[in-house]
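Numbering (my numbering), first residue to last: -12 to 288.
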């Protein structure tokens, strides 16, 4: 599958229309000139590789504690994106809300690691705000409507490593899922593995796009837009060629108290909307809990 391209170097109206068209088409887009420094991105990838290649006992010191906190390390097999399926063949480091709270020093592998991730988080949030303002333009709400809903409480940076593990038959690097929130920014290496389910229900591989960030709509953006933008199912195939895969996801999820209900611009006259109102926190926490509960039910070794 070739993703629709959006170049943020275009003027605002053209970029907004391109983004609207891409998300309405597949729920995904390849975005260029998003404002992330290539050198900074390389440094984050290098730091992620260093962490994931460390001794398992070292990584376990930073273990994920709870869905409510949504911060810390998951070893391979500890997360179920499909609660009814097999565990995912990936390891992750989840870093939520880095700008508006104090993170205890012992939660970081090193002070330099924490400083690097916090700075990159800030860069990604600024890039996300550009996208949110473009969406506000086409959805006929005030320019900062979405920005004000995403101050950082649930905005999360996640480092991901897909080792070349054999796994069980049918087991995936990341099981089929939709993303929980508003938007996701995905930075990838050149290994590939991402697949997107098209409108016919078929899985289509998405090759890495050089110099572009893959973005996709999440569940709450689908609800806000009454399905105009699809929260599209996607997954990651496991590595069978001996290569490992790294990616960095930036989840732009609204603050917990944010009410999410269909926007007037997305309703036809007399249409009550496909989705009832919900708060962002209710939805995101329910999705996180389902994944954690599936992991807790897994039989021990």
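We put the beta carbon where it would ideally sit given N, CA and C, even for glycine. Just so it is clear, the structure is predicted and the values come from calculations on it, not from any experiment.
Extent of the continuous alpha helix (DSSP H) run through residue 4: -1 to 12
Option nearest residue 184 by Cα separation, candidates 217, 84, 245, 123: 217
In terms of residues, what are the limits of the beta strand (DSSP E) holding residue 78? 78 to 83
Take residue 18 and list the residues in its own chain whose beta-carbon comes closer than 7 Å to its own, dropping the five residues that flank it on each side. -7, -5, 199, 200, 202
What span of residues does the beta strand (DSSP E) with residue 190 cover, start to end? 190 to 192
Would you check if the distance between the CB atom of residue 277 and the CB atom of residue 247 is smaller than 8 Å? no
Apart from the five residues just before and just after residue 219, which ones in its own chain have a Cβ nearer than 8 Å to its Cβ? 13, 14, 15, 165, 183, 184, 203, 204
Quick check: what's the CA-CA separation for residue 254 versus residue 260? 6 Å
Which residues mark the beginning and the end of the beta strand (DSSP E) in which residue 60 is found? 59 to 61
Given that a residue counts as buried once 16 or more other Cβ atoms are within 10 Å of its Cβ, and exposed if not, what is residue 287? A caution first: residue 287 carries a pLDDT of 49, below 50, which makes its placement in the model unreliable, though a value can still be read off. It counts as exposed.
Compute the beta-carbon to beta-carbon distance between residue 64 and residue 86, rounded to the nearest angstrom, for a pair I have assumed lies under 8 Å. Not confirmed; about 31 Å, so no contact.
Do you know how far the Cα of residue 93 is from the Cα of residue -2? 44 Å
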